[in-house]
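The sequence shown begins at 43 in our numbering and counts up one residue at a time.
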Amino acid sequence: MPELPEVETIANNLAPLVQAKIITNVWTSGLKMRSHLSEFDKQALPGKRVHNVTRLGKYLVIELCDEYLLIHFGMSGRLIFAQSTLEMRRTINSLNHIHLCLDFNDFFILYQDPRRFGSVRTVSKAGPKTTGQLSTFLGIGLEPLSEKFGTKELFYITRGISRQIKIFLMDGKKIAGVGNIYATEALFRAGVRPTLPCLKLSIAKCSQLVSCLKSVLLKAISKGGSSLRDFYGLSGERGSFIDEHLIYGKKENCVICKADLRRMNIGQRTTTFCPRCQR
Ligand SMILES: [Zn+2]
Numbered sequence: 043m044p045e046l047p048e049v050e051t052i053a054n055n056l057a058p059l060v061q062a063k064i065i066t067n068v069w070t071s072g073l074k075m076r077s078h079l080s081e082f083d084k085q086a087l088p089g090k091r092v093h094n095v096t097r098l099g100k101y102l103v104i105e106l107c108d109e110y111l112l113i114h115f116g117m118s119g120r121l122i123f124a125q126s127t128l129e130m131r132r133t134i135n136s137l138n139h140i141h142l143c144l145d146f147n148d149f150f151i152l153y154q155d156p157r158r159f160g161s162v163r164t165v166s167k168a169g170p171k172t173t174g175q176l177s178t179f180l181g182i183g184l185e186p187l188s189e190k191f192g193t194k195e196l197f198y199i200t201r202g203i204s205r206q207i208k209i210f211l212m213d214g215k216k217i218a219g220v221g222n223i224y225a226t227e228a229l230f231r232a233g234v235r236p237t238l239p240c241l242k243l244s245i246a247k248c249s250q251l252v253s254c255l256k257s258v259l260l261k262a263i264s265k266g267g268s269s270l271r272d273f274y275g276l277s278g279e280r281g282s283f284i285d286e287h288l289i290y291g292k293k294e295n296c297v298i299c300k301a302d303l304r305r306m307n308i309g310q311r312t313t314t315f316c317p318r319c320q321r
């Protein structure tokens, strides 16, 4: 599932291509996804100019003049760039599960989603006028790379909460965009046991966790994210942060202390941790 660094990578790749460009036509498969464009939404898009492309949590936000076009990649969604009608037709014919095609006249952006847990929707700017307001409207938690997310903030929002810290980190309504990969990596780097109840996080551990989460996310963005099964950049390139995972998906011993790594299910996701380094 694309997490913050992967969606940020897509936004960074897409922005220079579509900024100031006009959507001339929209095609959808009509198949059900977690949410998909209605016929009315679809009719409203042609003629709209793209003002900006950003990321909020795990959402890709394509900002138009009077609405936001939001894409959430779910488990397996991805965007594909096609630079001609021929290439677009070839892509649609050779790949299954294309659910959206945005026509920009001289190129196309396709959305592919085999498992259809993703969503494509629009939100009118009559409601949220800024991306900050849109974030609140969507119920997205603190952006971990913003200045608003620091040691004091993490300490404060975890008081009185008995949930395990890993589940808390992956709750998008608390902290934006963090999924299994980056929660697992940040907890290992910070030396925090994934099962630790939030309220037991000391101020020192909050400080380590905040700094490790920020650094792992920034490093991953600089490497174009982590390509596991489904994630590719716009032109099919793979994110190389997977080569720098210290613990996610590892089966061998701990890279720090050589202890046997332990695996358990937390919040229905497999979690790997070192019983010696993470306390
Ligand atoms: Zn260890």
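Here a beta-carbon is modelled for each residue, glycine too, at the ideal position from N, C-alpha and C.
Predicted model only: the values in this text are computed from it and were never measured.
Around the C-beta of GLY181, fewer than 16 other C-beta atoms lie within 10 Å, and the residue is accordingly described as exposed. Residue environment: PHE82 is assigned as exposed (fewer than 16 neighbouring CB atoms within 10 Å of its CB, all protein chains considered). Beta-bridge annotation (DSSP): ASN67 is paired with ASP145. Proximity of the beta carbon of ALA228 to ligand 1 is not indicated: no heavy atom of the ligand is located closer than 8 angstroms. Within the region 166-248, the complete alpha helix (DSSP H) segments at least 4 residues long are 173-179, 193-200, 207-211 and 222-232, listed from N- to C-terminus. The criterion of a C-beta distance shorter than 9 angstroms is satisfied by LEU102 and LEU121. Closest in alpha carbon position to GLY72, among ILE64, GLN61, SER136 and LEU142, is LEU142. For the pair ARG231 and VAL258, the CB atoms are nearer than the 9 angstroms cut-off.
Proximity to SER249 across LEU196, LEU241 and TYR224 peaks at LEU196, based on C-alpha coordinates. Counting only residues of its own chain and dropping the five nearest sequence neighbours on each side, LEU276 has a CB closer than 6 angstroms to the CB of ASN55, LEU121 and PHE123.
Rounded to whole angstroms, ILE289 and LEU260 show a C-alpha spacing of 17 angstroms. The beta-carbon distance between LYS100 and VAL165, rounded to whole angstroms, is 15 angstroms. This is too long to meet the 8 angstroms contact definition. For ARG318, the distance from the CB to the nearest heavy atom of ligand 1 is below 8 angstroms. If you draw a straight line from the Cα of ARG157 to the Cα of LEU46, it comes to about 20 angstroms. In its chain, beyond the 5 residues on either side, GLY99, ASP213, GLY214, LYS215, LYS216, ILE217 and ALA218 have a beta carbon closer than 8 angstroms to the beta carbon of GLY183. Residues of the same chain with a CB within less than 8 angstroms of the CB of LYS190, apart from the 5 flanking positions on each side, are LEU184 in chain order. Its Cα nearest to that of THR314, the residue LEU229 stands out among LEU229, GLY169, ASP285 and ASP145.
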